[in-house]
Amino acid sequence: MSANEGGGNSESEMLTFELYIKASAIDKETKGSCPICQQFFMMTCLLGENQDNIDFRVFTVQADCPPKNFASGWSKKYPVIMVNSGKSKLGETLDGSVYDTFEELELFFESINRECPELKRKNAPNIAAMKVVENLYKHFNHFISGQSEKGLVGELKKLNEYLESQDTKFLVDNVLSFSDCHLLPRLQHIRVAGKAYRGFEIPTEFVYIWRYLKNAYLQEAFKSTMPSDQDIVFHYEKKAVGPPRKGSRSAKPTLEKFTYTTDVPEGIVNGIDNTDSQQVEEVQEQEPATELHSEPVFVAEPYTEPELLPEPYSEYFAADSIPGNLNDDDDEVDLPAPIDAPDEDEENVTDNKGE
Numbered sequence: 001m002s003a004n005e006g007g008g009n010s011e012s013e014m015l016t017f018e019l020y021i022k023a024s025a026i027d028k029e030t031k032g033s034c035p036i037c038q039q040f041f042m043m044t045c046l047l048g049e050n051q052d053n054i055d056f057r058v059f060t061v062q063a064d065c066p067p068k069n070f071a072s073g074w075s076k077k078y079p080v081i082m083v084n085s086g087k088s089k090l091g092e093t094l095d096g097s098v099y100d101t102f103e104e105l106e107l108f109f110e111s112i113n114r115e116c117p118e119l120k121r122k123n124a125p126n127i128a129a130m131k132v133v134e135n136l137y138k139h140f141n142h143f144i145s146g147q148s149e150k151g152l153v154g155e156l157k158k159l160n161e162y163l164e165s166q167d168t169k170f171l172v173d174n175v176l177s178f179s180d181c182h183l184l185p186r187l188q189h190i191r192v193a194g195k196a197y198r199g200f201e202i203p204t205e206f207v208y209i210w211r212y213l214k215n216a217y218l219q220e221a222f223k224s225t226m227p228s229d230q231d232i233v234f235h236y237e238k239k240a241v242g243p244p245r246k247g248s249r250s251a252k253p254t255l256e257k258f259t260y261t262t263d264v265p266e267g268i269v270n271g272i273d274n275t276d277s278q279q280v281e282e283v284q285e286q287e288p289a290t291e292l293h294s295e296p297v298f299v300a301e302p303y304t305e306p307e308l309l310p311e312p313y314s315e316y317f318a319a320d321s322i323p324g325n326l327n328d329d330d331d332e333v334d335l336p337a338p339i340d341a342p343d344e345d346e347e348n349v350t351d352n353k354g355e
């Protein structure tokens, strides 16, 4: 995507890069369920919306089939950013740079972030918000594997109280921040997989979480980077204590049309709602609609010759393509560590587990 239409930056000042994220484990082409891939996909989109010197393309990649242009020193983790050309905000040349670890990705986004302080992890409000949600996903992983819901509910209660204390739509502002990009993909997993495997729903008394989700579902940077319900359920097939409950989305690849849960219980946020009156409903489409990107999401060409790849679903699914500027998976036990330590969401492609 180019955000330079009508901008004052010359072509030579443009920063052009490619973002590689995991593809769906079901159709091998659309967006996958990795929450950390969605986190950096969201950040890429938000920076692209707010800075007129960024031009990026997004590719989906089969986790065990990297593209031909990946170097031999690649860390075997996603997402990956490859810079074609451009400079950091300090004037450092980034041509040909590759970023494929959590700390490197954070440093890259810090180095190009000129106008969005809310997307900086070390911004004081983000530090405070991250402290509130640091154990949420860990407790969800414990719950999905068979433990009591007590720890998960306690963390959701803490989040609800924090949101109540904020006079903003999101964690730190009325626009999405770094901490929102971290939390929202994981919160969506809690909604979809928690219900599918253990019949869990975010308690209705946590009205500030529901208001938060309602606001988030109206944001293209979240909605248009979201994986399907089916991919999220499949993501936990080997982690969950048992199979999905009857009537839930199947954890096995089927020809079922992809769905995207974006509904909010009717009337639950009455009296506290500070969003637009637009009603958000569950989308029953192959991809959520968006006009944010001028470029589609591409399927990266694998290193192995295409005819040698098993593609059991290719005859049923078309390649992922999202119009506009927007465009997981080992266990994440703990929240991403500070910038000087690796994040446990990062995955080794040689592992066959999902998240």
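Going by full-length UniProt numbering, the first residue of the sequence shown is number 1, and it counts up by one from there. Think of the CB as a built atom: it goes at the ideal place given N, C-alpha and C, for glycine as much as any other residue.
Per DSSP, the continuous alpha helix (DSSP H) segment holding residue 41 begins and ends at 35-50. For residue 20, the enclosing beta strand (DSSP E) covers residues 15-22. Within the region 140-175, the runs of alpha helix (DSSP H) at least 4 residues long that lie entirely inside it are, in chain order, 150-165.
Just measuring C-alpha positions, the residue of 84, 83, 58, 245 sitting nearest residue 196 is 245. Taking the C-beta atoms as reference points, residue 176 is found nearer than 9 Å to residue 46.
Residue nearest to residue 80 within the set 130, 19, 108, 33 is 19 (criterion: CA-CA distance). The beta carbons of residue 50 and residue 115 sit closer together than 9 Å.
Between residue 208 and residue 163 a beta carbon distance of about 4 Å is seen, short of the 8 Å cut, so the two are scored as contacting. Comparing alpha-carbon positions, the option among 266, 241, 124 lying closest to residue 213 turns out to be 266. Pairing residue 129 with residue 85 gives a Cβ-Cβ distance that is not under 9 Å.
Counting C-beta atoms within 10 angstroms of its own C-beta, residue 64 has fewer than 16 neighbours from the protein chains shown and is therefore classed as exposed. Contact check for residue 259 against residue 224 fails: the beta carbons are separated by 9 Å or more. Taking 9 Å as the cut-off, the Cβ atoms of residue 41 and residue 31 count as close. In terms of Cα proximity to residue 101, the closest of 112, 77, 82, 124 is 77.
Note on residue 243: under 16 other CB atoms within 10 angstroms of its CB, so exposed under the neighbour-count rule. Contact between residue 113 and residue 122 does not hold, since the beta-carbon distance rounds to 11 Å and is not under 8 Å. By the C-beta density criterion, residue 169 is buried, having at least 16 other C-beta atoms within 10 angstroms. Remark: C-beta atoms of residue 144 and residue 269 do not approach each other more closely than 9 Å.
By the C-beta density criterion, residue 159 is buried, having at least 16 other C-beta atoms within 10 angstroms.
The beta-carbon separation of residue 232 and residue 182, rounded to 17 Å, does not stay under the 8 Å limit for a contact. Taking C-beta separations shorter than 7 Å and ignoring five residues to either side along the sequence, the partners of residue 264 in its chain run 210, 213, 214, 280, following chain order. Contact annotation: residue 109 and residue 149 have beta-carbon atoms that are not nearer than 9 Å. Around residue 82, the same chain offers 18, 98 as residues with beta carbons nearer than 6 Å, after the five sequence neighbours per side are excluded.
Spanning the alpha carbons of residue 206 and residue 140 requires a straight line of approximately 17 Å.
For residue 136, same chain residues with a beta-carbon under 6 Å away, outside a window of 5 residues either side, are 155 in chain order. The residue from 174, 167, 173, 222 with its alpha-carbon nearest to that of residue 187 is 222. As far as DSSP is concerned, residue 64 takes part in no beta bridge. Between the beta-carbon of residue 55 and that of residue 94 there is about 13 Å, and that puts the pair past the 8 Å contact cut. For residue 21, the closest alpha carbon among the candidates 218, 53, 66, 161 is that of 66. Burial of residue 219 is indicated by the presence of at least 16 other C-beta atoms within 10 angstroms of its C-beta. In the DSSP assignment, residue 233 falls within the unbroken alpha helix (DSSP H) covering 229-235.
In the three-state DSSP reduction, residue 114 falls in the coil class, being neither helix nor strand. In the three-state reduction of the DSSP assignment, residue 85 falls in the strand class.
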